[in-house]
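Notes to accompany the following structure.
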Amino acid sequence: LKSRKKKRNNTMCDKEDYLKIQQRKFEDYAEGYRKETNEVFREIVRQLILAGTVFLSISAFAFNITDLFDAFSIIDKHILMFSWILIGLSILFGILQFIIDYYYFRRCNQAKFKIVAGIYSGEITSENLGQKALEYQKDIPSESSTVFVWLQMVSLVLGIILLVIMMIRSLFLI
């Protein structure tokens with residue numbers, strides 16, 4: 681009878697250990713996916729800033745030809761300026777997204793530091809770890825805001841479309 685109870689207790693411990701191992705795996709997976717998602721958006725922001733900078737630089741050089749610029753009507757000049765403004769806004773939105781990401785990751789880091797400090801001080805034990813972790817991270821979303829990434833994409837696409845229209849119009853003016 682004692683061996684059965686002991687075996688049952690070992691089985692219970694094995695299940696608890698297994699559940700803890702599985703829980704840790706899923707926490708690690710979630711953390712990895714969260715990091716990857718944020719990294720993808722940071723890379724998109726970088727590439728969009730690069731594209732905006734290239735289009736702005738090339739177009740400023742291409743439309744700097746005095747004869748061509750003088751041949752434009754006032755509306756054409758306004759469209760060209762508006763396309764440059766949109767592309768410039770796209771670059772600005774990308775920089776703002778970097779700032780938002782910085783503060784997001786800073787908040788994540790501060791919450792994790794509070795948890796580690798709480799464990800070290802003894803305030804957080806194995807019994808209240810989950811509760812405290814949720815408490816420290818309750819106001820932090822799973823990913824940083826992507827509003828400025830979307831604004832960056834829309835303004836860049838609109839700016840490039842207008843720029844291409846102006847390039848096509850300039851071919852007919854030459």
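Under my numbering, the first residue of the sequence shown carries the number 681, and numbering increases by one thereafter.
Note that the Cβ used here is the ideal one computed from N, Cα and C, for glycine as well.
Helix, strand or coil for residue i? Go by DSSP, reduced to three states.
| i | result |
| --- | --- |
| LYS818 | coil |
| SER850 | helix |
| GLU723 | helix |
| ASN718 | helix |
| GLU807 | coil |
| SER824 | coil |
| PHE741 | helix |
From which residue to which residue does the alpha helix (DSSP H) around residue i run?
| i | result |
| --- | --- |
| SER801 | 754-801 |
Beta carbon of residue i: closer than 7 Å to some heavy atom of the ligand MG?
| i | result |
| --- | --- |
| VAL844 | No copy of the ligand MG appears in this structure; indeed no ligand is present at all. |
Quick one: using the 10 Å Cβ neighbour count with 16 as the cut-off for buried, is residue i buried or exposed?
| i | result |
| --- | --- |
| TRP764 | buried |
| MET846 | buried |
| ILE804 | buried |
| PHE743 | buried |
| SER801 | exposed |
| SER824 | buried |
| ASP708 | exposed |
| ASP697 | exposed |
| VAL720 | exposed |
| ILE754 | exposed |
| LEU728 | buried |
On the premise that residue j lies in contact with residue i, defined as a C-beta separation below 8 Å, what is that separation, rounded to the nearest angstrom?
| i | j | result |
| --- | --- | --- |
| GLN832 | GLN790 | The Cβ separation is near 27 Å, so there is no contact. |
| PHE828 | PHE773 | 5 Å |
| SER850 | LEU766 | With a Cβ gap of about 18 Å, SER850 and LEU766 do not count as contacting. |
| LYS818 | ILE795 | Between ILE795 and LYS818 the Cβ distance is about 13 Å, and since that is not below 8 Å, they are no contact. |
| ILE759 | LEU842 | 6 Å |
| GLY732 | LEU838 | About 12 Å separates the two Cβ atoms, so there is no contact after all. |
| ARG714 | SER822 | 6 Å |
| ALA740 | LEU853 | Contact doesn't hold; Cβ gap of about 18 Å is too wide. |
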